[in-house]
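Those protein sequence lines, which keep their order, are chains A and B. Residue numbering for the first sequence follows the working numbering, starting at 1 and increasing by one per position. Residue numbering for the second sequence follows the working numbering, starting at 293 and increasing by one per position. The beta carbon of each residue, even a glycine, is placed where N, CA and C say it ideally should be. Since we're looking at a predicted model, the values are computed, not measured.
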Amino acid sequence: MIFLDNLINGLSLGSIYAIIALGYTMVYGIAKMLNFAHGDIIMVGAYVAFCGLQYWGLPPVAAILVAMAVCTVLGILIEGLAYRPLRQAASLAVLITAIGMSYLLQNLALMIWGANPKSFPRTFINSFSIQLGQLNVSSATIVTILANIVIMVALSLFINQTKVGKAMRCVSEDRGAAELMGINVNRTISLTFAIGSALAAIAGVLLCSSYPILQPTTGSMPGIKAFTAAVFGGIGSIPGAMIGGVLLGVIEIFGKAYISTELGDAIVFAVLIVVLLVKPTGLLGKPIREKV
Amino acid sequence: MSQLPKKHRSDTKMVPVPSHSIVPERDVNEIPVLETRHLGIEFGGLKAVDDFNLTIGKTEIAGLIGPNGAGKTTVFNMLTKVYEPTTGAVLINGKDLHGMSIVQASKLGIARTFQNIRLFDKMTVEENVRIGLHNQIKYDMFSGIFRLPRYWKQERKQHEKAMELLDIFGMQDLADEEAGSLPYGAQRRLEIVRALATDPKLLLLDEPAAGMNPKETEELMENIAKIRDQFQIAILLIEHDMSLVMGVCEGICVLNFGKVIAKGTADEIQANPVVIEAYLGKKKEG
Chain A
1 MIFLDNLING
11 LSLGSIYAII
21 ALGYTMVYGI
31 AKMLNFAHGD
41 IIMVGAYVAF
51 CGLQYWGLPP
61 VAAILVAMAV
71 CTVLGILIEG
81 LAYRPLRQAA
91 SLAVLITAIG
101 MSYLLQNLAL
111 MIWGANPKSF
121 PRTFINSFSI
131 QLGQLNVSSA
141 TIVTILANIV
151 IMVALSLFIN
161 QTKVGKAMRC
171 VSEDRGAAEL
181 MGINVNRTIS
191 LTFAIGSALA
201 AIAGVLLCSS
211 YPILQPTTGS
221 MPGIKAFTAA
231 VFGGIGSIPG
241 AMIGGVLLGV
251 IEIFGKAYIS
261 TELGDAIVFA
271 VLIVVLLVKP
281 TGLLGKPIRE
291 KV
Chain B
293 MSQLPKKHRS
303 DTKMVPVPSH
313 SIVPERDVNE
323 IPVLETRHLG
333 IEFGGLKAVD
343 DFNLTIGKTE
353 IAGLIGPNGA
363 GKTTVFNMLT
373 KVYEPTTGAV
383 LINGKDLHGM
393 SIVQASKLGI
403 ARTFQNIRLF
413 DKMTVEENVR
423 IGLHNQIKYD
433 MFSGIFRLPR
443 YWKQERKQHE
453 KAMELLDIFG
463 MQDLADEEAG
473 SLPYGAQRRL
483 EIVRALATDP
493 KLLLLDEPAA
503 GMNPKETEEL
513 MENIAKIRDQ
523 FQIAILLIEH
533 DMSLVMGVCE
543 GICVLNFGKV
553 IAKGTADEIQ
563 ANPVVIEAYL
573 GKKKEG
């Protein structure tokens, strides 16, 4: 029973990682950069939803939608203002900019919402629990896992079936050739950031529904873990982010339960190191082919 | 222009070369599809291409030849706005490309293939062609996700268009194959189909026959002429296979060390001592 309990908790935590990892992996796949500010967009999304619920009296769904809208705009702005001018610059410059953007967002949150942790209000997401035999499953767990499945299905439909989705795949495979085929690369990259950031808002709400303490650094650790998950699954690959995220969540919970609570995070990163040693491209990553 | 009677082309007289800097043109009364004026580009002080002047008429097949490193692909990159020229201008149908993006240039009607094939390997053959049709698709994201009737109508139209284009090279039965798994020659042909899908006025082919056997090259030659006739477009090609260049190109421009050293018809080029020395002569030695 404890095993099943841990497994379900792991799947739930892993689903949150997977949703965040999607943002990393899509941006990496299409813009070929690591957006280290992604974790902080989660935090902003959670704060906006928190304000919606606590101060503006919005119903939960509306609060989530507002958070998604704010994060979408934020994502597009960050890309347009900070990353786009560096499109031709060395990747290191872009990486440093992303880290700077991460600190900027954290400190802006500190300015706006203060350093005191906020307690995330209860919503339909975490208001009840279901008794399955001896198993007690919280609604947050169920909603998180369901949300993950819905997002994965919708996203793969979008990427594989729609015109814009196909344009994204093209840009990811060969930006130059896509551009010469008449695909607007800047617009495609903006769209990628928009989708990734909207998903980050959802992840923020789900995260705070399970772990209801909200502070300006809330997004950092899940952000890093989700990045690990994306690399673990093979960065740039959408199914990879999904599998990497879920596995990482399960490994983390099992590690904490059966090995050591303190070493939970260390175990997660140890797994990453082992995977990278054995298969440097991640579980589903394809070997990189250099084009001359 | 597409309604021009077929005969028109063969009736058009080749205009005698008026100056050293212009390739023979099909019809002087029409605005040329491509005109470059004193086009040049420098990379860190090195003049990769200098004072490049070329005019291509509406349905002309022209060749750009020269030894390795002469700057041929650099010219293609300037024509498609991958590189911004340092000097001079590129005019497509009389419109100056200055300040335009790659996408805008593509919308004006330039399409190209690459020396090293750049297909979207993980997509199917049909998807690759449809990417070329990208800017001709008219449905929004929502009809795409929710499969509204508009989506299906467009899908059908696109499928038919893609098949029609693949038919040029008889590649319909390969439509569902992954592009990266095709044999080399087929990949080259698919790249041409993909470029044609963007509805170009000027098609740039960068070494279309590279890696093809003589039989495939011969077929390609026929197909290049067929494409020109069927789509009424101009074609500019870079090629090292002289049988193809001499066989299909009506005007040839020879580049060496970034400078045009000769222009003219196949016969004129073959007889030109400068070309023989710089290009053909060198090839024999090597």
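For Thr490 (chain B), the chain A residues whose C-beta falls within less than 9 Å of its own C-beta are Leu180, Met181 and Gly182, listed in chain order. Non-local C-beta neighbours of Phe227 (chain A) in its own chain, meaning closer than 6 Å and more than five positions away in sequence, comprise Tyr24, ordered along the chain. If you keep only unbroken beta strand (DSSP E) runs of at least 3 residues inside the segment 79-150 of chain A, you get 129-132 and 135-138. Following the DSSP letters along the chain, one finds Cys541 (chain B) in no alpha helix (DSSP H), marked with neither H nor E.
Judged by their CB atoms, Thr347 (chain B) and Pro324 (chain B) are nearer to each other than the 9 Å cut-off. By the Cβ criterion, the segment 443-452 of chain B is not in contact with the segment 215-225 of chain A, since fewer than three pairs of Cβ atoms, one from each stretch, lie closer than 8 Å. Between the alpha carbons of Ala62 (chain A) and Gly52 (chain A) lies a distance of about 8 Å. In the structure shown, the three-state DSSP call for Arg481 (chain B) is helix. Secondary structure note for Gly285 (chain A): it is in no beta strand (DSSP E), with a DSSP letter that is neither H nor E. DSSP places Gly39 (chain A) in the helix class (H, G or I) of the three-state scheme.
Annotation for Val325 (chain B): no beta strand (DSSP E) segment contains it, and DSSP assigns it neither H nor E. Put simply, the CB of Gly285 (chain A) is far from chain B, with every gap to its CB atoms at 9 Å or more. Taking 7 Å as the cut-off between beta carbons, the residues of the segment 146-165 of chain A near chain B are Leu157, Phe158, Gln161, Thr162, Lys163 and Val164, in sequence order. In this structure Ile42 (chain A) is buried. Its beta-carbon is surrounded by 16 or more other beta-carbon atoms within 10 angstroms. In this structure, Phe124 (chain A) places its C-beta atom within 9 Å of the C-beta atom of Val143 (chain A). A Cβ-Cβ distance of about 4 Å is found for the pair Leu411 (chain B) and Ala471 (chain B), placing them in contact under the 8 Å criterion.
Here the C-alpha atom of Pro239 (chain A) lies approximately 23 Å from the C-alpha atom of Val417 (chain B). Burial of Gly14 (chain A) is indicated by the presence of at least 16 other C-beta atoms within 10 angstroms of its C-beta. If you check the CB distance, His390 (chain B) and Gly182 (chain A) do not come in under 9 Å. At a cut-off of 9 Å, the C-beta of Ala89 (chain A) has no neighbouring C-beta in chain B. A distance below 9 Å separates the beta carbons of Leu495 (chain B) and Ile484 (chain B). Considering only beta carbons, no part of the segment 517-542 of chain B lies closer than 8 Å to chain A. For Arg404 (chain B), there is no enclosing alpha helix (DSSP H); the enclosing beta strand (DSSP E) covers residues Ile402 to Arg404.
Against chain B, a Cβ distance below 7 Å from Cys170 (chain A) picks out Phe412 and Ile423. Phe193 (chain A) sits in a helix when the DSSP states are folded into three classes.
Contact residues of the segment 238-271 of chain A toward chain B are absent (C-beta to C-beta distance below 9 Å). Scanning chain A for C-beta atoms nearer than 8 Å to the C-beta of Thr372 (chain B) yields Leu180, reported in chain order. For Asn564 (chain B), the number of other beta carbons within 10 angstroms of its own is at least 16, and it is reported as buried. Within the model, the alpha-carbon separation for Met392 (chain B) versus Arg486 (chain B) is close to 22 Å. Secondary structure note for Phe461 (chain B): it is in no alpha helix (DSSP H), with a DSSP letter that is neither H nor E.
When C-alpha distances from Ala489 (chain B) are compared across B:Ala501, B:Gly424, B:Lys414 and B:Thr351, the shortest belongs to B:Gly424.
Boundaries of the beta strand (DSSP E) around Leu494 (chain B): Leu494 to Asp498. Sequence-ordered contacts of the segment 547-567 of chain B with chain A are nonexistent [C-beta pairs closer than 7 Å]. For a Cβ distance threshold of 7 Å, residue set Glu179 and Leu180 of chain A lies close to Ile394 (chain B), ordered along the chain.
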